[in-house]
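Please read the structure below before turning to the comments.
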Amino acid sequence: MDREELEGFILSNPKRRQIVNALEEEGTSSLSRIAKKKRIPEKFAKELMSELVDKGVVDKDGEKYSLSDVGEKIVADSHRFESG
197 MDREELEGFI
207 LSNPKRRQIV
217 NALEEEGTSS
227 LSRIAKKKRI
237 PEKFAKELMS
247 ELVDKGVVDK
257 DGEKYSLSDV
267 GEKIVADSHR
277 FESG
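Count along the sequence shown from 1, then add 196; that gives the number in the numbering used here.
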């Protein structure tokens, strides 16, 4: 997927957008903290986070998640993430 497709992938789901916003705000965080902060059921948040990791938008290090370089560039180039 190119960056434009990844942006569309994120924007197409409000919960994905919320997760990306949370990682932008926090830098690095656990899945449970993001799920609680954004009021997303943890099981659903785990599925969404897995998709974001698989697409290269999010990096996972043990139990911690953060935006990848690609994820940071997408967020920096888009002000549409602010609504999440």
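Heads up, the beta-carbon is just placed ideally off N, CA and C, and yes, glycines get one too.
If you're wondering where the values come from, they're calculated on a predicted model, not measured in any experiment.
Determine the contact status of Lys269 and Arg199, defining contact as a CB-CB distance below 9 Å. Position 73 of the sequence shown holds residue 269. Position 3 of the sequence shown holds residue 199. Yes; because the gap between Cβ atoms is below 9 Å, this pair is in contact.
What does a CB cutoff of less than 6 Å around Lys256 pick up in its chain, not counting 5 residues either side in sequence? Against the sequence shown, residue 256 aligns to sequence position 60. These residues qualify, in order along the chain: Val249.
Under 8 Å by Cβ, that's how I've got Ser226 and Lys260 pegged, so tell me the actual separation to the nearest angstrom. What you label residue 226 is simply residue 30 of the sequence shown in a count that begins at 1. What you label residue 260 is simply residue 64 of the sequence shown in a count that begins at 1. Yes, Ser226 and Lys260 are in contact; Cβ-Cβ is about 6 Å, under 8 Å.
Nearest-angstrom Cα distance between Ile236 and Leu244? Here residue 236 corresponds to residue number 40 of the sequence shown, with the count starting at 1. Here residue 244 corresponds to residue number 48 of the sequence shown, with the count starting at 1. Between Ile236 and Leu244, the C-alpha separation is close to 10 Å.
Asn217: buried (16+ other C-beta within 10 angstroms of its C-beta) or exposed? Taking the sequence shown and counting its residues from 1, one reaches residue 217 at position 21. Buried, because 16 or more other Cβ atoms sit within 10 Å of the Cβ of Asn217.
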